[in-house]
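Novice:
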DNA sequence: AAACGCATTCAAAGCGATTTCAATTTTTGA
DNA sequence: TCAAAAATTGAAATCGCTTTGAATGCGTTT
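Residue numbers (the working numbering), protein chains in the order written: chain Y, 142 to 480; chain H, 142 to 480.
As structure tokens, then:
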């Protein structure tokens, strides 16, 4: 069922039918009604490729996912938020996965050159992010989930990682902890740097010295976290509290604590960052987990909105959102043990 | 940079340039070389929409993700496998997310009518799956990840859930367990039914009666699993072993066991199904987790291959793959306790 | 009654690729 | 050497839509 068929069926020109369906004013109301009824009845939907070619808009936004490290469980949550909003505008989400760093830039180039997408979403940026710079060079609009240091303006949405860690660290200090381990993301990533900043700020505000042995910069997997936490717990004096970068990290730390024969919440405290997964509930852990919490799904949904604004012509320099992070105290964070 | 520009730049016709780039035989080798060099140098890439309109192929495959229940961590793993293979063919993956059941069918209709994708991938089918039937009615090619009972032939790839659970259950029976709880997926889903079949078969082979109180049919979240396991552990006689449907489920059961003051691997045994997540390693748990294992990422990659074959004209009736599931025994499964 | 304005409708020109069919050049064979 | 065959190139049609610019019909105004 093409536009032409529909037009012939109605005894109208393609022009009029097209206009009727797209809500142009210069078509008689009775005609419009007749057209939309026929379209509905015959199940007409414009051919996506033709529509895109004619309008010059791709009707899609793109995301490039780094296979190994980045993908993780966060992505599906984010996608879910993003997709919900985009679907209402009939905009597709095109995901591309790549294995290596080089492939990644090539993927952005490819998407841009073939005009497959109208805009893109960038994740987990580094302080100096070449993907962002590339997209700006290519003049592809994008919204950054996170922040980066660029000389040019960038549209972004980020959570307040610095504030989050400052509060969490301060709280642990309040509870008497002095040896607080930070299981952070890999160096270079903006969010990791921001978290470190918050952690450092809280420590120095109390005059607590920073011990590099208590900081880990690794991927957020339970395995790595387990190993890191395990070796940190062998330090003397050992850390009495952990700041875990993600829920997966928290699970690993959790196991390390138990294997060392200690109890979470009394012998050792922990506050983990929770991106809010429906299948992994901090409130329902045992003991319940204190968290810094921010829904990554909501971020996805909001970024979709920002993307639409961006495509609607809103200036990049006006698209910045910094979201506060909740600190939710539960059982896993308690007073420092008295030795 | 359009084809026209490139052709003018080279002093050739669009026809010749197009042919040269697409490897048609009727173009002089020297010309082809000159063209491809210029294309590379100028970074020419055919406009995706135009190409699609001209060829009639969408150059994309679609997936519809149910927001709430389905998305989960499995999806990103699967996507990663799928994407790796598709990228090599310059085929996009279009993901659409939906909230409700109704929206879902509408989404398939929409994608089909607008010819946005050449084929689709279906997940977690039910025994009688209306999405699959719809796609067949709409004549949209698709590969099913899982199986369904349809009168018409369907292309599918599935793991041997029945065999997997039969082995796992048998193994637990060998270890002396008689009260074996099954935390299965929701009723109606083919994989859940298949798993139940395997479980039942193993029980009845030993003449062990089936106790409905020991079977749960829920979503694979740690929270639900925790609650279900908790209440099962209050039964008398209590279950001495658990079959967990996923790693998330396993985490929930794990907590329930600990909270009940018991030890996994001695007081209670568990075998969990592992879809192999890079961030959650059964081998590295404490105690290490016995699993039935099958990589969902590999499944994604293979389904991409099948999809390409399907689009290449291979008959649907010849596209069936049943993958065996490994049983990996580790510390979480031990002999039944002697009361 | 002619002219004007307004509301509708339509024919045709894109959008940027592929592909059919025709034209041109080069090679081959007698 | 010249016609026929083969190799190479190009003009124009096509894909299905949007959109520009022109045309039509009809009630008002002068």
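Every residue, glycine too, gets a C-beta built ideally from N, C-alpha and C.
As the structure is a computational prediction, the values presented were derived from the model and not from experiment.
Can a CB atom of chain Y be found closer than 8 Å to the CB of residue 386/H?
Specialist: So no, residue 386/H is outside the interface.
Novice: Confirm, please, whether the CB-CB distance from residue 286/H to residue 189/H is below 8 Å.
Specialist: Their beta carbons are not under 8 Å apart, which means residue 189/H does not touch residue 286/H by this criterion.
Novice: Looking at C-alpha atoms only, which residue of 229/H, 301/H, 198/H, 381/H is the closest neighbour of residue 253/H?
Specialist: Nearest of 229/H, 301/H, 198/H, 381/H to residue 253/H, Cα basis: 198/H.
Novice: For a contact meaning CB atoms closer than 7 Å, what does residue 89/Y contact in chain H?
Specialist: What the structure shows of chain Y is the stretch from 142 to 480, and residue 89/Y is not part of that stretch, so it cannot be assessed.
Novice: Check distances from the C-beta atoms of the stretch 404-421 of chain H to those of chain Y and list, in chain order, the residues that come in under 8 Å.
Specialist: Those would be 418, 419, 420, 421, in chain order.
Novice: What are the residues in the stretch 253-282 of chain H lying within 8 Å of chain Y by C-beta distance?
Specialist: From the stretch 253-282 of chain H, only 254, 255, 256, 257 have a Cβ closer than 8 Å to chain Y.
Novice: Check for me: the alpha helix (DSSP H) holding residue 460/Y runs from which residue to which?
Specialist: Looking at the DSSP string, residue 460/Y is not in any alpha helix (DSSP H), and its letter there is neither H nor E.
Novice: Could you check what DSSP says for residue 453/Y in three-state terms: helix, strand or coil?
Specialist: Three-state DSSP puts residue 453/Y in coil, outside helix and strand.
Novice: Could you give the first and the last residue of the continuous beta strand (DSSP E) run that contains residue 262/H?
Specialist: Counting along the chain, the beta strand (DSSP E) containing residue 262/H begins and ends at 260-264.
Novice: What are the partner residues of residue 233/H, as DSSP defines its beta bridges?
Specialist: Paired residues: 201/H.
Novice: Which residues of chain H have a Cβ atom closer than 9 Å to the Cβ of residue 239/Y, listed in chain order?
Specialist: Near residue 239/Y (Cβ distances below 9 Å), the residues of chain H are 224, 225, 228.
Novice: Within this structure, are the beta carbons of residue 96/Y and residue 318/Y separated by less than 8 Å?
Specialist: An answer regarding residue 96/Y cannot be provided, because it is not within the stretch 142 to 480 covered by chain Y.
Novice: Are the C-beta of residue 341/Y and some C-beta of chain H separated by less than 8 Å?
Specialist: Answer no: the Cβ-Cβ gap between residue 341/Y and chain H never drops below 8 Å.
Novice: Mind listing which residues of the stretch 347-370 of chain Y have their C-beta closer than 7 Å to chain H's C-betas, in chain order?
Specialist: Listed by position along the chain: 361, 362, 363, 364, 367.
Novice: For the stretch 255-266 of chain Y against the stretch 278-294 of chain Y, are there 3 or more C-beta pairs whose distance is under 8 Å?
Specialist: Contact between the stretch 255-266 of chain Y and the stretch 278-294 of chain Y is present, because at least three Cβ pairs lie under 8 Å.
Novice: Below 6 Å CB to CB, which residues in the same chain sit around residue 386/H once its five sequence neighbours on both sides are set aside?
Specialist: Counting only Cβ-Cβ distances below 6 Å, and skipping sequence neighbours, we find 324, 325, 326, 361, 414.
Novice: Between the alpha carbons of residue 462/Y and residue 297/Y, how many angstroms are there, rounded?
Specialist: Looking at the two C-alpha atoms, the distance is approximately 6 Å.
Novice: Between residue 199/H and chain Y, is the shortest Cβ-Cβ distance under 8 Å, so that the two count as touching?
Specialist: Yes, contact with chain Y.
Novice: Let me make sure I understand the geometry here. Which of 458/Y, 478/Y, 316/Y, 403/Y has the alpha-carbon closest to that of residue 294/Y?
Specialist: Checking every option, the nearest Cα to that of residue 294/Y belongs to 458/Y.
Novice: Which one of 232/H, 470/H, 336/H, 365/H has the shortest CA to CA distance from residue 410/H?
Specialist: Of 232/H, 470/H, 336/H, 365/H, the residue nearest in Cα terms is 470/H.
Novice: Need the endpoints of the beta strand (DSSP E) that residue 433/H sits in, please.
Specialist: From DSSP, the beta strand (DSSP E) with residue 433/H extends over 431-434.
Novice: Comparing the C-beta of residue 155/H with each C-beta of chain Y, is any distance below 8 Å?
Specialist: No, residue 155/H lies away from the interface with chain Y (no Cβ there is under 8 Å from its Cβ).
Novice: Taking only beta-carbon positions, decide if residue 243/Y is within less than 8 Å of chain H.
Specialist: Not closer than 8 Å to any Cβ of chain H, the Cβ of residue 243/Y fails to qualify, so no.
Novice: Quick one: give me the first and last residue of the alpha helix (DSSP H) that residue 467/Y is part of.
Specialist: Here residue 467/Y belongs to no alpha helix (DSSP H); instead the beta strand (DSSP E) covers 467-469.
Novice: Whose C-beta lies closer than 6 Å to the C-beta of residue 423/Y among residues of the same chain, with five residues either side of it excluded?
Specialist: Around residue 423/Y: 415, 430, 432.
Novice: If I follow the unbroken alpha helix (DSSP H) through residue 395/Y, where does it start and stop?
Specialist: 388-400 is the extent of the alpha helix (DSSP H) around residue 395/Y.
Novice: Report the CB separation of residue 417/H from residue 442/H in whole angstroms; it is logged as a contact under 8 Å.
Specialist: About 12 Å; that fails the 8 Å criterion.
Novice: According to DSSP, is residue 411/H helix, strand or coil?
Specialist: Three-state result, residue 411/H: strand.
Novice: Can you check whether the C-beta of residue 325/H is within less than 8 Å of a C-beta belonging to chain Y?
Specialist: Chain Y contact via Cβ: absent.
Novice: What is the residue span of the alpha helix (DSSP H) that residue 309/Y lies within?
Specialist: Residue 309/Y -> alpha helix (DSSP H) spans 302-315.
Novice: Within the same chain, show all residues whose beta-carbon is closer than 8 Å to that of residue 160/H, passing over the 5 residues directly before and after it, in chain order.
Specialist: Excluding sequence neighbours, residue 160/H sits near 167, 168.
Novice: Would you kindly work out how many angstroms separate the C-alpha atoms of residue 507/Y and residue 303/Y, rounded to a whole number?
Specialist: The question about residue 507/Y has no answer here: the residues shown for chain Y are numbered 142 through 480.
Novice: Measure the alpha-carbon distance for residue 152/H versus residue 279/Y and round it to whole angstroms.
Specialist: Each residue's Cα considered, the two are about 27 Å apart.
Novice: Just checking: is the beta-carbon of residue 135/Y within a distance shorter than 8 Å of some beta-carbon in chain H?
Specialist: The question about residue 135/Y has no answer here: the residues shown for chain Y are numbered 142 through 480.
Novice: Kindly provide the ranges of any beta strand (DSSP E) runs that are 3 or more residues long and lie completely inside the stretch 341-377 of chain Y, ordered along the chain.
Specialist: List check, beta strand (DSSP E) in window: 356-358.
Novice: Which residues, in order along the stretch 427-438 of chain H, keep a beta-carbon less than 8 Å from a beta-carbon of chain Y?
Specialist: For the stretch 427-438 of chain H, which is checked against every Cβ of chain Y, the residues closer than 8 Å are 427.
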